[in-house]
Amino acid sequence: MFNKVLVANRGEIAVRIMQTLQEMGIRTVALASDPDLQAEHVRRADEVIHLAGQKPAETYLQGDLIVTLAKERGVDAIHPGYGFLSENAGFAQACADAGIVFIGPKPDVIRDMGDKITAKALMKEAGVPVVPGWSGDVITSPGWSGDVKTSPGWSGDPQADFKVIANEAGAIGYPILVKAAAGGGGKGMRLVQKPEDLQAALEAAAREAKSAFGDARVFLEKYITRPRHIEFQVFGDHHGNVVHMFERECSIQRRHQKVIEETPSPALTPALRASMGEAAVKAAKAMRYTNAGTIEFILGEDGGFYFLEVNTRLQVEHPVTEMTIHKDLVRLQLMVATGEPLPFTQKDLCQDGHAIECRIYAEDPANNFMPGIGKLAFYRPPSGPGIRLDNGVREGGEVTVHYDPMLAKLIAWGENRQAAIAKISWALSRYAVLGVANNVEFLKAIVDHPAFADGNVHTHFLEEHPIRLNREVSVEALLIAGLSSQILKGRRVGADNGVQEHKGIPSSPWTLGGAWRQLACQK
2 MFNKVLVANR
12 GEIAVRIMQT
22 LQEMGIRTVA
32 LASDPDLQAE
42 HVRRADEVIH
52 LAGQKPAETY
62 LQGDLIVTLA
72 KERGVDAIHP
82 GYGFLSENAG
92 FAQACADAGI
102 VFIGPKPDVI
112 RDMGDKITAK
122 ALMKEAGVPV
132 VPGWSGDVIT
142 SPGWSGDVKT
152 SPGWSGDPQA
162 DFKVIANEAG
172 AIGYPILVKA
182 AAGGGGKGMR
192 LVQKPEDLQA
202 ALEAAAREAK
212 SAFGDARVFL
222 EKYITRPRHI
232 EFQVFGDHHG
242 NVVHMFEREC
252 SIQRRHQKVI
262 EETPSPALTP
272 ALRASMGEAA
282 VKAAKAMRYT
292 NAGTIEFILG
302 EDGGFYFLEV
312 NTRLQVEHPV
322 TEMTIHKDLV
332 RLQLMVATGE
342 PLPFTQKDLC
352 QDGHAIECRI
362 YAEDPANNFM
372 PGIGKLAFYR
382 PPSGPGIRLD
392 NGVREGGEVT
402 VHYDPMLAKL
412 IAWGENRQAA
422 IAKISWALSR
432 YAVLGVANNV
442 EFLKAIVDHP
452 AFADGNVHTH
462 FLEEHPIRLN
472 REVSVEALLI
482 AGLSSQILKG
492 RRVGADNGVQ
502 EHKGIPSSPW
512 TLGGAWRQLA
522 CQK
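Residue numbers (the numbering used here): 2 to 524.
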């Protein structure tokens, strides 16, 4: 096993990885940008490497520098977490070239699966169901307006080339999606309902893809109405063994970003679960996958499922899998990275109970989800049986503009889905954050929604069921706010002390004035 591992990340995922490393007796090395010198992941590490700068491009994305510094510190391996360099094939190769183990799949797998066109072609060849579509190796730079650069085989005439694409779109059948070949997160994606909107969608998607990923290629895909987003956790070792660890339902999304995840999915029957799991394993074997990965599918209303993409890393939502199969996925990653075989087979795996995860963000749902910045003047997450918190912050810490505003992940386990919903709702009602805007109340409104309780979820759930925040203030919130008011007594809430007012959220106790504060304290 490794003696020293560098965690090339920050926030809650860095803290979570370090916990397993330290439990295993492995020395941990953290990275710290200027804003992160006092961050929680830095405080937890055995050693710290300071990366001068603030922005990710100056710090956590400096792959060559990170590898050089890791080698100087005698690091055996690097765990990339998720985001930043986790799916950067060049970084994985640089680690290998330096004699440092990259805890993840091989560079060529990361490279191939990062290209959605290549990934889709491989899955189709392997017999994994794919969404009907067409690529034609379409390259647009910068658009379809007389300045088109096309790959070999295209005429170079924008009018003629567009006619080919329009014909293919018609053969697929509207509505269709125009999607970027590289990247993810909904960038470079456009929904096209009718033929006359196709050209504008191609141009917009290509421009956005070029800006976000440096790659303007786009392709066409059939749009599945009211789809569910179902992903399967897979694991492969260097001995040819591959298993799936069941599914995660990730259909509650906002702007193509996941909000709430759970397992098992309320939509899957045992037969459908077995069929999708078999397809996930087949996909992983087709690419000779090693370490932790995720095969993502779209599930239609008719029960048909289709390959979407591969995430070649540990996922944000991995805790719900851990809580239902009772295995530490980071520990397994380390074992596989050292060459050990998986210590179980598919038949050894089963799920126990139900788990739900909510992503806690410093963002203002009442103000178009604008990121919140400032000091966490008061921070009291809930705890109790069946409650897990993957936390990246602490009271008094700063939330800055430079990084993703995720504060933590709150996970609840129950014997069944109903019990898990009740527990996550209870936990959210007791999650107290003061100093930055946050989405706790928004999350509670989702898990309390009747449609969520019925399991009637899909990727447009929040569009179909707009969340209106409750204007009533709970007794618990009043008590917490009353205590908090004493902490802030004599301080002006504003920019001078880094504490933001929660403007625009009438239901938030932090914005309310009057005698309730004194009343709460008397109680």
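Just so it is clear, CB atoms sit at the ideal spot from N, CA and C, and this is done for glycine as well.
What are the start and end residues of each continuous alpha helix (DSSP H) run of 4 or more residues lying completely inside the stretch 19–58, in chain order? With a minimum length of 4 residues, the continuous alpha helix (DSSP H) runs that stay inside the stretch 19–58 are 41–45.
Can you find at least 3 beta carbon pairs, one from the stretch 237–254 and one from the stretch 344–360, that sit closer than 8 Å? Segment contact: the stretch 237–254 against the stretch 344–360, three or more CB-CB distances shorter than 8 Å; contact assigned.
Cα-Cα, which of GLU48, ILE296, ASP353 is closest to LYS70? For clarity, residue 70 is Leu in the given sequence; the question names Lys instead. Cα-wise, what sits closest to LEU70 is GLU48.
Considering LEU429, what are the terminal residues of the alpha helix (DSSP H) in which it resides? Segment 418–430, the alpha helix (DSSP H) holding LEU429.
Terminal residues of the beta strand (DSSP E) in which ARG249 lies: Note, ARG249: beta strand (DSSP E), 243–255.
What does the alpha-carbon distance come out to for the pair THR322 and ALA356? Between THR322 and ALA356, the C-alpha separation is close to 8 Å.
Contacting residues, own chain, Cβ-Cβ under 7 Å from ILE18 (five flanking each side not counted): Taking ILE18 as the centre and dropping the five residues before and after it, the same chain places the C-beta of VAL8, HIS80, GLY82, VAL331 closer than 7 Å to its C-beta, in chain order.
For GLY82, three-class secondary structure by DSSP: The DSSP-derived three-state label of GLY82 is coil.
In the DSSP assignment, find the beta strand (DSSP E) that holds LEU1 and state where it starts and stops. With the chain covering 2 to 524 only, the question about residue 1 has no answer from this structure.
The alpha helix (DSSP H) that contains ASP65, what's its start and end? Looking at the DSSP string, the run of the alpha helix (DSSP H) that includes ASP65 is 64–73.
Beta carbon of ILE422 nearer than 8 Å to that of VAL400: Contact: no.
Would you list the residues sitting across from ARG191 in a DSSP beta bridge? Looking at the DSSP assignment, ARG191 forms a beta bridge with VAL179.
Report the rounded CA-to-CA distance for CYS359 versus TYR307, giving the unit in angstroms. When rounded, the distance between both Cα atoms is 26 Å.
Rounded Cβ spacing between PHE3 and ALA120 (contact assumed at less than 8 Å): The distance from the Cβ of PHE3 to that of ALA120 is about 30 Å, inconsistent with a contact at the 8 Å cut-off.
Assuming ALA293 is part of the beta strand (DSSP E), what are its boundary residues? Residues 292–300.
C-alpha gap between PRO383 and ALA183, whole angstroms: Distance between the alpha carbons of PRO383 and ALA183: 39 Å.
May I ask you to report which of helix, strand or coil DSSP gives PRO372? Under the three-state reduction of DSSP output, PRO372 falls in the strand class.
Using 10 angstroms around the beta-carbon of GLN194, count the other beta-carbons present and answer buried if the total reaches 16, otherwise exposed. With fewer than 16 other Cβ atoms within 10 Å, it is exposed.
Does the distance from the CB of ALA446 to the CB of ALA428 come in under 8 Å? In this structure, ALA428 does not lie closer than 8 Å to ALA446 by Cβ.
From the DSSP output, read off the bridge partner residues of ASP365. In the DSSP output, where bridge partners are listed per residue, ASP365 has MET371.
Contact the stretch 226–239 vs the stretch 189–209: 3+ CB pairs below 8 Å: The stretch 189–209 and the stretch 226–239 do not touch, with fewer than three beta-carbon pairs separated by less than 8 Å.
Report the rounded CA-to-CA distance for VAL16 versus VAL165, giving the unit in angstroms. For VAL16 and VAL165, the distance between alpha carbons rounds to 51 Å.
Inspect the beta-carbon positions of ALA95 and GLY64 and report whether they are closer than 8 Å. Annotated as proximal: ALA95 and GLY64, with beta-carbon spacing under 8 Å.
Check PHE453 in the structure and name its three-state DSSP category. Residue state, collapsed to three classes: helix.
Which whole-angstrom value describes the C-beta separation of THR442 and LEU411, a residue pair presumed to lie in contact below a C-beta threshold of 8 Å? According to the sequence shown, residue 442 is Glu rather than Thr. Their Cβ separation, rounded to whole angstroms, is 13 Å, which puts GLU442 and LEU411 out of contact at 8 Å.
For LEU192, count neighbouring C-beta atoms within 10 Å of its own C-beta (all shown protein chains included) and say buried if the count is 16 or more, exposed if not. Burial is judged here by how many other beta carbons sit within 10 angstroms of a residue's own beta carbon; LEU192 has fewer than 16 and is exposed.
For PHE379, which beta-bridge partners are listed by DSSP? The beta-bridge partner set that DSSP reports for PHE379 consists of LEU435.
Per DSSP, ASP116 is paired with what? In the DSSP output, where bridge partners are listed per residue, ASP116 has ALA183.
Where does LEU269 land, buried or exposed, given buried means 16+ other C-beta within 10 angstroms? The residue is buried, with at least 16 neighbouring Cβ atoms inside 10 Å.
Which stretch, first to last residue, makes up the alpha helix (DSSP H) that contains GLY91? According to the DSSP assignment, GLY91 belongs to the alpha helix (DSSP H) that extends over 90–98.
Counting only the same chain and skipping the five closest in sequence on each side, list residues whose C-beta sits under 8 Å from that of ALA496. Residue placement at ALA496 is flagged as unreliable, the pLDDT there being 37, under the threshold of 50; the coordinate-derived value follows with that caveat. Excluding five sequence positions before and after ALA496, none of the CB atoms of its chain fall closer than 8 Å to its own CB.
8 Å CB neighbourhood of CYS351 in its chain, flanking five on each side removed: Listed in chain order, the non-local C-beta contacts of CYS351 below 8 Å within the same chain comprise ILE326, local neighbours out to five positions each way being set aside.
Residues that TYR307 bridges to, as DSSP identifies them: Bridge partners of TYR307: ILE299.
What is the DSSP secondary structure of ILE388, counted as helix, strand or coil? Strand, per DSSP.
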